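S.K.: Have a look at the structure that comes next, please.
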Amino acid sequence: MRYVEVRPEMAPGAYLAALGEIAPALPEDARAFATDPDHYDFSSIRCVSDLKFTRLAVFETGYGKSGASLWLAPNPFKHDDGLYLRYHDIIAVEVDTPRDPKLRKIWPITPRLHDLKLDEILPHPHGCTHELAFQAESTVTITCADLTATWTLNPHTDDECPPADNGDEDED
Numbered sequence: 033m034r035y036v037e038v039r040p041e042m043a044p045g046a047y048l049a050a051l052g053e054i055a056p057a058l059p060e061d062a063r064a065f066a067t068d069p070d071h072y073d074f075s076s077i078r079c080v081s082d083l084k085f086t087r088l089a090v091f092e093t094g095y096g097k098s099g100a101s102l103w104l105a106p107n108p109f110k111h112d113d114g115l116y117l118r119y120h121d122i123i124a125v126e127v128d129t130p131r132d133p134k135l136r137k138i139w140p141i142t143p144r145l146h147d148l149k150l151d152e153i154l155p156h157p158h159g160c161t162h163e164l165a166f167q168a169e170s171t172v173t174i175t176c177a178d179l180t181a182t183w184t185l186n187p188h189t190d191d192e193c194p195p196a197d198n199g200d201e202d203e204d
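Put into structure tokens, the structure is as follows:
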């Protein structure tokens, strides 16, 4: 990440300080998500920290475009809802996990990506990049035209057959 520090301690201060300059260059929905006052407020139930990685899906949306969705389940000790992220017109998806899982004890229910520490949304010529840093030095980075963030207990289940993403303003 360029601004957000996640190791040794989580520190979004540099990103928040730069957000005034960064935000105008972000797509509309990504800007709304990045600038939400609760996003980096660790005491808020809408802070992204501690959400649990559940699933990432990539799919065709038609009109020569692909989309992705990411479901981050709530941490029952902190969140009322989980976070459903829908990425529009993606051009890159990168998932980086620890190289040697044998370095730690592995149980059948041990997650590979663990819990979300923090994220960072930056402008990109195609729209934006969304980098998410998880515990155990795992990251997910998605480059897309825009993203939609929805706090919910019911993540969308239509990823196998999403609506067409043809660039119309009225379409999701």
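If you're matching positions, the sequence shown starts at 33 in our numbering and goes up one per residue. Backbone N, C-alpha and C define an ideal beta-carbon position, used for all residues, glycine too. If you're wondering where the values come from, they're calculated on a predicted model, not measured in any experiment.
#1: Going by DSSP, what residues sit across from LEU154 in a beta bridge?
#2: With distances taken Cα to Cα, identify the nearest neighbour of HIS146 among THR171, PRO40, ILE123 and HIS156.
#3: Give me the Cα-Cα distance between ALA105 and ARG63, rounded to the nearest whole angstrom.
#4: I'd like the span of the alpha helix (DSSP H) that includes GLU41, first residue to last.
#5: Please classify ASP112 as buried or exposed, where buried requires at least 16 other C-beta atoms within 10 Å of its C-beta.
#6: Report, in whole angstroms, the separation of the C-beta atoms of HIS162 and ASP178, which I expect to be a contact under 8 angstroms.
#7: When the Cα atoms are used, what is the spatial distance from ILE267 to PRO40?
#8: Is it buried or exposed for LEU209, if we count other Cβ within 10 angstroms and need 16 for buried?
#9: I need the straight-line Cα distance from LYS97 to CYS176, nearest angstrom please.
#10: Closer than 6 angstroms by C-beta to HIS156: which residues in its own chain qualify, once you throw out the five before and the five after it? Chain order, please.
#11: Distance cutoff 8 angstroms, beta carbons only. Does TYR72 sit that close to anything in chain B?
#12: My guess is that THR67 and LEU51 are in contact by the Cβ rule of under 8 angstroms, so how many angstroms apart are they, rounded?
#13: Suppose you measure from the CA of PHE85 to the CA of GLN167; what does that come to, to the nearest Å?
#14: How would you write the range of the alpha helix (DSSP H) that PHE65 sits in, first residue to last?
#15: Going by the beta-carbon positions, is the gap between THR180 and ASP61 smaller than 8 angstroms?
M.R.: Reading it off the structure:
#1: THR161
#2: THR171
#3: 22 angstroms
#4: No alpha helix (DSSP H) contains GLU41, which DSSP labels as neither H nor E.
#5: exposed
#6: Actually they do not touch by this definition, with Cβ atoms about 10 angstroms apart.
#7: There is no way to answer for residue 267, as the model of the chain reaches only from 33 to 204.
#8: Examination of residue 209 is not possible in this model, given that the chain is present from 33 through 204 alone.
#9: 10 angstroms
#10: THR175
#11: Here chain B cannot be found, since the structure has a single protein chain.
#12: 6 angstroms
#13: 11 angstroms
#14: 60-66
#15: yes
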